[in-house]
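**Q** Numbering (UniProt numbering), first residue to last: 1 to 238. Structure in structure tokens, see below.
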Amino acid sequence: MDDGAKRVTRRRVRTRARLLDAAFAVFAAKGFGRVSIEEVCEAAGFSRGAFYSNFTTLDELFFALYQERADLIARQVSDALAQDGPALDVPAAVDRVTEVLLLDVDWLLVKTDFLVRAAREPAVARSLLDHRARLRRAVADRLARAQGPTPLPAALGDAEGAARAVVAAYDGVTTQLLLDKDVEAARAWLKQLLTALLAAPPAPPAPPAPPAPPPAAPEAQAPAHTPAHTPAPSTHGR
1 MDDGAKRVTR RRVRTRARLL DAAFAVFAAK GFGRVSIEEV CEAAGFSRGA FYSNFTTLDE
61 LFFALYQERA DLIARQVSDA LAQDGPALDV PAAVDRVTEV LLLDVDWLLV KTDFLVRAAR
121 EPAVARSLLD HRARLRRAVA DRLARAQGPT PLPAALGDAE GAARAVVAAY DGVTTQLLLD
181 KDVEAARAWL KQLLTALLAA PPAPPAPPAP PAPPPAAPEA QAPAHTPAHT PAPSTHGR
């Protein structure tokens with residue numbers, strides 16, 4: 001590729017990135033269904049021609065935006081979990097995961113728009129399910145590789161079960177965040193939930209052995225049978 005072609009490619013990459021960033025801000029502010037191509041172009045500072053040189057429809061841009069952000073989250077979670085050695089330090093790993101997760105209200109608004117589309121359109125649902133599966137794999141793979149004294153709570157079953165619980169906790173906390181907009185509280189609550197899910201409580205000490213039963217008392221001997229005394233027949237009156 002010559003220098004001119006490289007410059008065109010770099011410029012196109014920058015244009016696409018600016019369109020995605022602008023679309024993210026507009027979608028978060030207004031909702032996907034209320035945004036036009038013109039509004040995205042205006043926010044990015046480009047013409048419609050720049051838009052159509054990168055995307056054919058607003059749907060295509062919306063899906064590309066979701067995929068970009070979803071990929072970023074999956075990478076962040078994988079990287080955060082990869083920093084330990086063979087022994088997984090659950091509290092430290094939870095700290096890192098909750099710090100890198102995109103607990104960002106704007107992202108959650110865009111993701112919610114995508115979820116609404118996914119609930120009605122099977123093709124969109126497949127994309128969302130794929131993202132959730134990648135998140136679960138990132139968590140489950142790390143838990144399965146972990147060696148050390150931190151077993152999973154028995155109620156979660158295997159690493160896959162624990163990963164599903166982690167994603168469910170994330171869903172619940174981010175839903176609350178959408179309503180109250182308290183990012184710090186959301187991070188703290190997510191940290192508590194994940195620690196409770198992944199750090200099994202120490203096993204209780206084994207109960208003491210029951211005392212040995214006392215020796216059985218010797219069986220009482222039955223008294224010897226003594227025949228009843230029969231009085232001699234009386235001779236009185238003979």
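Note that CB positions come from ideal geometry on N, CA and C, so glycine has one too.
Taking the alpha-carbon positions, what's the A80 to A133 distance?
**A** So the two alpha carbons sit approximately 17 Å from each other.
**Q** Tell me which same chain residues have a C-beta within less than 8 Å of the C-beta of residue 280, skipping the five on either side of it?
**A** Shown here, the chain extends from 1 to 238; a query on residue 280 therefore has no answer.
**Q** Assuming L177 and L103 form a contact by the criterion Cβ under 8 Å, report the distance between their Cβ atoms to the nearest whole angstrom.
**A** Contact holds; Cβ gap of about 6 Å.
**Q** Give the range of the alpha helix (DSSP H) segment to which residue 251 is assigned.
**A** With the chain covering 1 to 238 only, the question about residue 251 has no answer from this structure.
**Q** By the three-class DSSP mapping on this structure, what secondary structure does A33 have?
**A** In the sequence as displayed, the identity of residue 33 is Gly instead of Ala. Helix at G33.
**Q** My output table needs one value for G49: the three-state DSSP class, helix, strand or coil.
**A** G49 falls in the helix class under three-state DSSP.
**Q** Considering only residues of the same chain and omitting the five flanking positions on each side of L65, which have a CB-CB separation below 8 Å?
**A** Counting only Cβ-Cβ distances below 8 Å, and skipping sequence neighbours, we find L20, A23, F24, F27 and V110.
**Q** Exposed or buried, V166, counting other C-beta atoms within 10 Å across all chains shown (16 or more means buried)?
**A** So V166 ends up on the buried side.
**Q** Tell me the rounded alpha-carbon separation between L72 and A209.
**A** Spanning the two alpha carbons is a distance of roughly 54 Å.
**Q** Buried or exposed for residue 239, please, with buried defined as at least 16 other CB atoms from any protein chain shown within 10 angstroms of its CB.
**A** Since the displayed the chain opens at 1 and closes at 238, residue 239 lies outside it and no answer follows.
**Q** Going along the chain, which residues of its own chain have a beta-carbon closer than 6 Å to the beta-carbon of V183, five neighbours each way excluded?
**A** The answer, listed in chain order, is L103.
**Q** Considering only C-alpha positions, which residue in the set V77, G85 and D95 is nearest to R136?
**A** Looking at the Cα atoms, V77 is the closest of the given residues.
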